[in-house]
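Colleague: Numbering (this note's numbering), first residue to last: 75 to 489.
Quick one: this structure, given as structure tokens, is what I'll be asking you about.
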Amino acid sequence: MKHKVSAVLAAGAAIAAAAIALGSPPSAVAIPTGPGTAPSGPCALRGIDDDVAESTDTPAGFARSSGVVRALTLFVDFPDARATMSPRARFAEFFPAATNYFHTSSYGRLTYQPMPLLRWIHMSRPLAAYGIQRGASFDPSSDGGYHALSREVLREVDPIVDFRDYDVINVIATPNAGPPATRTVLSVTFSGGDMGLKTADRVPFRNASFIWSRQSGVSAFRVLNHENAHSFGLPDLYFADDRDAPPPVGHWDPMDEDWGPSNDFVGWHKWKLGWLSADQVHCAPRHGTPGEHTLTPIATPGGTKIVVIPTSPRTALVVEARTRALLDPVVCRPGILVYRVATHVPSGRGPLRIVDATPHSGGCYRGNKYVDPELTDATFLPGDTYTDPHSGAAVTVLTENPDGTYRVRVTPARN
Numbered sequence: 075m076k077h078k079v080s081a082v083l084a085a086g087a088a089i090a091a092a093a094i095a096l097g098s099p100p101s102a103v104a105i106p107t108g109p110g111t112a113p114s115g116p117c118a119l120r121g122i123d124d125d126v127a128e129s130t131d132t133p134a135g136f137a138r139s140s141g142v143v144r145a146l147t148l149f150v151d152f153p154d155a156r157a158t159m160s161p162r163a164r165f166a167e168f169f170p171a172a173t174n175y176f177h178t179s180s181y182g183r184l185t186y187q188p189m190p191l192l193r194w195i196h197m198s199r200p201l202a203a204y205g206i207q208r209g210a211s212f213d214p215s216s217d218g219g220y221h222a223l224s225r226e227v228l229r230e231v232d233p234i235v236d237f238r239d240y241d242v243i244n245v246i247a248t249p250n251a252g253p254p255a256t257r258t259v260l261s262v263t264f265s266g267g268d269m270g271l272k273t274a275d276r277v278p279f280r281n282a283s284f285i286w287s288r289q290s291g292v293s294a295f296r297v298l299n300h301e302n303a304h305s306f307g308l309p310d311l312y313f314a315d316d317r318d319a320p321p322p323v324g325h326w327d328p329m330d331e332d333w334g335p336s337n338d339f340v341g342w343h344k345w346k347l348g349w350l351s352a353d354q355v356h357c358a359p360r361h362g363t364p365g366e367h368t369l370t371p372i373a374t375p376g377g378t379k380i381v382v383i384p385t386s387p388r389t390a391l392v393v394e395a396r397t398r399a400l401l402d403p404v405v406c407r408p409g410i411l412v413y414r415v416a417t418h419v420p421s422g423r424g425p426l427r428i429v430d431a432t433p434h435s436g437g438c439y440r441g442n443k444y445v446d447p448e449l450t451d452a453t454f455l456p457g458d459t460y461t462d463p464h465s466g467a468a469v470t471v472l473t474e475n476p477d478g479t480y481r482v483r484v485t486p487a488r489n
């Protein structure tokens, strides 16, 4: 078997390894090792099976999301936007922070290894010639768009890179190419199926994230976590059609708001990604008997993380505990988060929606313009009950225990 590698790629790997080692969480944190298991059982709802979605069964063609994930990381600039910084400096804007984020959120079940090719790949045409704008496609029949850009990237790196060695691809543009992120967000991911571009190694060019400009705040690196999560099968939770409506999830998951301060993934996503073991998920199937459950906060390794209450073959209520923590520093009302999952609803159309315990309150966190405040106090507190008006499923928060866990009573759906 021919093995392709270059001195610059090897050097990049060494730098990436050093960055990961320097930024790793302290060893004193009790984090379970090893990948989680794929969701199964009556609460592992099926749905859309050919695209990113809330379905627990992620289709073939997407990247693995637990164990070791290797990310080929490339850097591009353009004749009208030459890089004004080194690729190493651009790399440092994302790593080791993005790696540490995945490590912490997955409880150590995802080891994300960025493998950078530390040189600028110069595109042959000005940026405008590619027609890169929000919604630009990956069309093999077009002389522009992401297919044309990727074809040039591939021409440059294919002789020295064996694409069989990687799970995801990051193409990071010089930040002076295109509009600032505060005006137009261009970052995008093409994931899953064959996009019509093959490498010399006979594997498709896919699960590729294109990162543009810079976001704002101390957690600006999370645009990469958001985009790579599409390659793992997660959908966009914000409304992609620019409708005039409140955010469906707000700052409770980075697949909705990934700007400003950090926020963790919801438990349903952690289950889908293989970061939760079977005993960390309790299932309350329809027509079952009411039961009590002790929930360990999402931020704390170990313990039961979610209770899933199916309300139809394609929908469910999910219950989890959220508290202030390393990845959730702005949680201002710790408590029980309840949300609806719809596995038949497409990405960008609201496939996951938070149930607001305090509607029209204006929220409890107003300290950052990138955090929509309304849902920040959406959690239910001890003594609160939520009853779903359609299915009859109900959740009552019984107690917050001295050890930080929460006790809840769940009534399964009747209708």
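By construction, the Cβ of each residue, glycine as well, lies at the ideal position given by its N, Cα and C atoms.
Predicted model only: the values in this text are computed from it and were never measured.
When the Cα atoms are used, what is the spatial distance from MET159 to GLN289?
Modeller: 17 angstroms
Colleague: Is there contact here, the stretch 309-322 with the stretch 425-432, by at least three beta-carbon pairs under 8 angstroms?
Modeller: Output reads yes: the stretch 425-432 touches the stretch 309-322.
Colleague: Does DSSP put TYR460 in a helix, in a strand, or in coil?
Modeller: Strand, per DSSP.
Colleague: Among GLY437, ASP332, ALA358, which has the Cα closest to the Cα of VAL259?
Modeller: ASP332
Colleague: Rounded to whole angstroms, what is the Cα-Cα separation between ASP213 and GLY219?
Modeller: 7 angstroms
Colleague: Would you kindly work out how many angstroms separate the C-alpha atoms of VAL482 and MET189, rounded to a whole number?
Modeller: Roughly 44 angstroms separates the two Cα atoms.
Colleague: Evaluate ALA127 with the Cβ neighbour count: other Cβ atoms within 10 Å of its Cβ, from every protein chain shown; 16 or more gives buried, anything less gives exposed.
Modeller: Classification of ALA127: buried, given that the 10 Å Cβ count is 16 or more.
Colleague: Please go through the same chain and pick out, in chain order, the residues whose beta-carbon is closer than 6 angstroms to the beta-carbon of PRO320, but skip the five residues on each side of it.
Modeller: GLU448
Colleague: According to DSSP, simplified to helix, strand and coil, what is TYR181?
Modeller: coil
Colleague: Where GLY115 and HIS418 are concerned, what is the direct C-alpha to C-alpha distance, given to the nearest angstrom?
Modeller: Their Cα atoms are separated by approximately 18 angstroms.
Colleague: Taking Cβ positions, are SER305 and PRO254 nearer each other than 8 angstroms?
Modeller: By the CB criterion at 8 angstroms, SER305 and PRO254 fall outside the cutoff.
Colleague: Please classify GLU394: is it buried, with 16 or more other beta-carbons within 10 angstroms of its beta-carbon, or exposed?
Modeller: A residue is called buried when at least 16 other Cβ atoms come within 10 angstroms of its Cβ; GLU394 meets this threshold and is buried.
Colleague: Going by other Cβ atoms of all chains shown within 10 Å of its Cβ, with 16 needed for buried, is ALA274 buried or exposed?
Modeller: In this structure ALA274 is exposed. Its beta-carbon is surrounded by fewer than 16 other beta-carbon atoms within 10 angstroms.
Colleague: Do GLY110 and ARG183 come within 8 angstroms of each other at the CB atom, strictly closer than that value?
Modeller: Yes.
Colleague: How is ASP353 classed by DSSP in three states: helix, strand or coil?
Modeller: helix
Colleague: Quick one: what does DSSP say LEU308 is sitting in, helix, strand or coil?
Modeller: coil
Colleague: Flag this pair as touching only if the stretch 131-146 and the stretch 320-329 have three or more C-beta atom pairs under 8 angstroms; answer yes or no.
Modeller: no
Colleague: Quick one, are the C-beta atoms of ASP491 and ALA431 less than 8 angstroms apart?
Modeller: Nothing about residue 491 can be reported from this structure: the residues present for the chain run from 75 to 489 only.
Colleague: Report buried or exposed for LEU96, applying the criterion of at least 16 other Cβ atoms within 10 angstroms of its Cβ.
Modeller: Summary for LEU96: the model assigns pLDDT 37, below 50, so the residue's position carries little reliability; its value from the coordinates is reported in the next sentence. Exposed, by the Cβ-count rule.
Colleague: Do TYR186 and ALA203 count as a contact pair if the criterion is CB distance below 8 angstroms?
Modeller: no
Colleague: DSSP three-state call for TRP345: helix, strand or coil?
Modeller: helix
Colleague: Could you give the distance in angstroms between the alpha-carbon of ASP239 and the alpha-carbon of GLY409?
Modeller: 42 angstroms
Colleague: Do ALA390 and VAL415 have their CB atoms nearer than 8 angstroms?
Modeller: yes
Colleague: Applying the criterion that 16 or more other CB atoms from any shown protein chain within 10 Å of the CB defines a buried residue, is ASP241 buried or exposed?
Modeller: Here ASP241 is buried: its Cβ has 16 or more other Cβ atoms, across all protein chains shown, within 10 Å.
Colleague: Using the C-alpha atoms, what's the distance from ARG407 back to ASP462?
Modeller: 22 angstroms
Colleague: Out of LEU369, PHE339, ILE243, which has the shortest C-alpha to C-alpha gap to LEU148?
Modeller: ILE243
Colleague: Going straight from the alpha carbon of VAL445 to that of TYR480, what length do you get?
Modeller: 26 angstroms
Colleague: Would you call the CB atoms of VAL245 and ALA282 closer than 8 angstroms?
Modeller: yes
Colleague: Nearest-angstrom Cα distance between GLY267 and LEU298?
Modeller: 20 angstroms
Colleague: Quick check on the burial criterion: 16 or more other C-beta atoms within 10 angstroms. Buried or exposed for PHE176?
Modeller: buried
Colleague: Whose C-beta lies closer than 8 angstroms to the C-beta of ASP315 among residues of the same chain, with five residues either side of it excluded?
Modeller: So the qualifying residues of the chain are GLY422, ARG423.
Colleague: Spatial neighbours of GLU230 within its chain, please: CB distance less than 8 angstroms, with the 5 preceding and 5 following residues excluded, ordered by chain position.
Modeller: ILE195
Colleague: Measure the C-alpha to C-alpha separation of THR178 and PRO153 and round it to an integer number of angstroms.
Modeller: 39 angstroms
Colleague: Let me check understanding here. Comparing Cα to Cα, which of PRO278, ASN337, ASP123 lies closest to HIS221?
Modeller: PRO278
Colleague: Kindly list the residues whose CB is nearer than 7 angstroms to the CB of PRO200, restricted to its own chain and excluding five residues on each side of it in sequence; keep chain order.
Modeller: PHE152, PRO153, ASP154
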